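There are 2 protein chains.
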Amino acid sequence: MISKNRIRFIHALSQKKQRIENNRFIIEGEKMVNEAILWIPSYIETIYATSEFEITSENPTIVTEEISVKELKEISTLTTPNKALAVCRIPDNNPIDSPLIICLDGVQDPGNMGTILRLADWFGIKDVVCSKNTVDCYNPKVLQATMGAIFRVNVHYEDLTEFLSTTELPVFGALLDGENIFENKYERKGILVLGNEGNGISEEIKKYVQKAITIPRFGEAESLNVATAGAIILGAFYR
Amino acid sequence: MISKNRIRFIHALSQKKQRIENNRFIIEGEKMVNEAILWIPSYIETIYATSEFEITSENPTIVTEEISVKELKEISTLTTPNKALAVCRIPDNNPIDSPLIICLDGVQDPGNMGTILRLADWFGIKDVVCSKNTVDCYNPKVLQATMGAIFRVNVHYEDLTEFLSTTELPVFGALLDGENIFENKYERKGILVLGNEGNGISEEIKKYVQKAITIPRFGEAESLNVATAGAIILGAFYR
Chain A
17 MISKNRIRFI HALSQKKQRI ENNRFIIEGE KMVNEAILWI PSYIETIYAT
67 SEFEITSENP TIVTEEISVK ELKEISTLTT PNKALAVCRI PDNNPIDSPL
117 IICLDGVQDP GNMGTILRLA DWFGIKDVVC SKNTVDCYNP KVLQATMGAI
167 FRVNVHYEDL TEFLSTTELP VFGALLDGEN IFENKYERKG ILVLGNEGNG
217 ISEEIKKYVQ KAITIPRFGE AESLNVATAG AIILGAFYR
Chain B
17 MISKNRIRFI HALSQKKQRI ENNRFIIEGE KMVNEAILWI PSYIETIYAT
67 SEFEITSENP TIVTEEISVK ELKEISTLTT PNKALAVCRI PDNNPIDSPL
117 IICLDGVQDP GNMGTILRLA DWFGIKDVVC SKNTVDCYNP KVLQATMGAI
167 FRVNVHYEDL TEFLSTTELP VFGALLDGEN IFENKYERKG ILVLGNEGNG
217 ISEEIKKYVQ KAITIPRFGE AESLNVATAG AIILGAFYR
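From first to last, the protein sequence lines stand for chains A and B. First residue of the first sequence? That's 17 in the working numbering, and the numbers climb one at a time after it. First residue of the second sequence? That's 17 in the working numbering, and the numbers climb one at a time after it.
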């Protein structure tokens, strides 16, 4: 039985402001909750699960509170809740130290953000550094799109001009007039800046881009989705 | 002034069944409507636009009906309608004749579908062949995600087993145990099969895959989003 107060608290965590104030976020669904048990067990505060929930990654320190399907519906942000919801503390970040870093300058769409984190996780990129106006990585829609990558990739929100002006890594930017990525070889070292969905990389941040790179176009589309552009460029870095 | 009947008709077109029965679909927003005027003018039936709508591509045969912001809200599927909505006839498809074709086997998410069409358009791929259980390309969310690619890429819904068993093109499939795409060179010729978000390529369709190809993994993510996987593979075909 979940108290009214607790339900209110969980609902409040769908807002960024409340997540920051309370240093908590929620994850949903059997798969995501199991990933959290596996990867960030010490940050899990409470798991609420129906009797159907199966823990795949055993951890004796984790206690789950059984709730009814109706109660899960009450606390969930999903239209079709899936067996479990967990309240977690926001994990502490390790310092930025990857040789290859993705930098997001104002990415707004939660699906794009989550997909980019999943992509980073696939390629073993440990750090994603975001401008402060990039969508919050603990937004429920971002979390769903990460498919668990959020537990393995460190997401940092930084003043990008400061970060880029002090780094010793080469800074690459996906721009329209850069060098053809299919005709060049890249080391897996540097910072790849990806910009906002509508406006690309901001004027302020463009100044720090040392190597403008471009995906050559063979058809008519004006631009690519930011996550697919990032995917093609990372493909060029890892080939 | 739009009649009640017409409003009902426009609303109905958000359902696939109604779109097929009436051979009509709707597009929304200033940019998309302008793209339609540019690329499929003869298929536009009516444009409803507020006084703020600016036509960027002049076409003397196109007539727009001015409506109020309130009326646009009434007919729109968007929470924030954007200046215009057009009712169009579904364009006739050209026969499939591209040397490189994307084939979708049960892709469900409208955002993924739209992003893949945009990607096809970027690389100049003219034909995307879909299984009948793939999401409808005239779904409003698919259309938004295509950013206009829907007007330049031919989307075909076919019996995939029939299509794949009669093609003379080599059939590539994104599978987990295929050859490493970063270590091989590809001609821009063949059919690239991409599978469903949760289950990948179906068992039935796997039989037709002649070349299993794989994006090597360097990190921990279990899988990639289907649109980003497609993007990385196409990058390997176009480098």
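C-beta: ideal position from N, C-alpha, C; glycine also. This one's a predicted model, so the numbers in the text were calculated from it and none came from an experiment.
Can you name, in chain order, every residue of its own chain whose Cβ lies under 6 Å from the Cβ of residue i, other than the five neighbours on each side?
i              : result
residue 201(B) : none
residue 189(A) : 209, 217, 225, 228
residue 97(A)  : 88, 89
residue 164(A) : 51
residue 143(B) : 112, 114, 117, 170
residue 66(B)  : 85, 88, 99
residue 203(A) : none
residue 54(A)  : 73
residue 191(B) : 228
residue 64(A)  : 81, 83, 101
residue 152(B) : 32
residue 45(A)  : 98
residue 47(A)  : none
Is the beta carbon of residue j closer than 7 Å to that of residue i?
i              : j              : result
residue 41(A)  : residue 154(A) : yes
residue 69(A)  : residue 254(A) : no
residue 185(B) : residue 147(B) : no
residue 1(A)   : residue 102(A) : The requested residue 1(A) does not occur in the structure, where chain A is confined to residues 17 to 255.
residue 99(B)  : residue 126(B) : no
residue 23(A)  : residue 78(A)  : no
residue 251(B) : residue 251(A) : yes
residue 30(B)  : residue 93(B)  : yes
residue 180(B) : residue 171(B) : no
residue 244(B) : residue 244(A) : yes
Applying the 10 Å Cβ sphere with the 16-neighbour rule, what's the burial state of residue i?
i              : result
residue 160(A) : buried
residue 33(A)  : exposed
residue 214(A) : exposed
residue 162(A) : buried
residue 75(B)  : exposed
residue 193(A) : exposed
residue 212(A) : buried
residue 221(B) : buried
residue 36(B)  : exposed
residue 182(B) : exposed
Cutting at 7 Å between CB atoms, please list the residues of its own chain near residue i, excluding the five before and the five after it.
i              : result
residue 196(B) : 230, 232
residue 52(A)  : 43, 60, 102, 104, 167
residue 247(A) : 135
Within its chain, find whatever has a CB closer than 8 Å to the CB of residue i; leave out the 5 residues flanking it on each side and keep chain order.
i              : result
residue 56(A)  : 104, 107, 167
residue 150(B) : 120, 121, 122, 123, 124, 129, 173
residue 38(B)  : 25, 28, 29
residue 205(A) : 115, 116, 185, 186
residue 71(B)  : 50, 53, 78, 80
residue 109(B) : 170, 171, 172
Whole beta strand (DSSP E) runs in the segment 72 to 104 of chain B with 3 or more residues, listed along the chain? Runs of the beta strand (DSSP E) inside the segment 72 to 104 of chain B: 80 to 82.
Contact between the segment 71 to 82 of chain A and the segment 109 to 127 of chain A is defined here as three or more beta-carbon pairs at a separation below 8 Å; is this criterion met? The segment 71 to 82 of chain A makes no contact with the segment 109 to 127 of chain A; the number of CB pairs closer than 8 Å stays below 3.
Taking the runs of the beta strand (DSSP E) that are 3 residues or longer, which of them lie wholly in the segment 184 to 247 of chain B? Whole beta strand (DSSP E) segments, 3+ residues: 187 to 196, 206 to 211, 227 to 230.
Contact between the segment 238 to 249 of chain A and the segment 132 to 147 of chain B (3+ Cβ pairs under 8 Å): Contact annotation: the segment 238 to 249 of chain A touches the segment 132 to 147 of chain B, with at least three C-beta pairs closer than 8 Å.
Where in the segment 24 to 55 of chain A do unbroken runs of the alpha helix (DSSP H), each at least 4 residues long, occur, reported from the N-terminal end onward? The qualifying runs are 32 to 38, 46 to 55.
Please give the ranges of any alpha helix (DSSP H) in the segment 123 to 191 of chain A, keeping only runs that are unbroken, at least 4 residues long and fully inside the region. Every unbroken stretch of the alpha helix (DSSP H) spanning 4 or more residues and falling wholly within the segment 123 to 191 of chain A is given here in chain order: 126 to 138, 156 to 162, 176 to 182.
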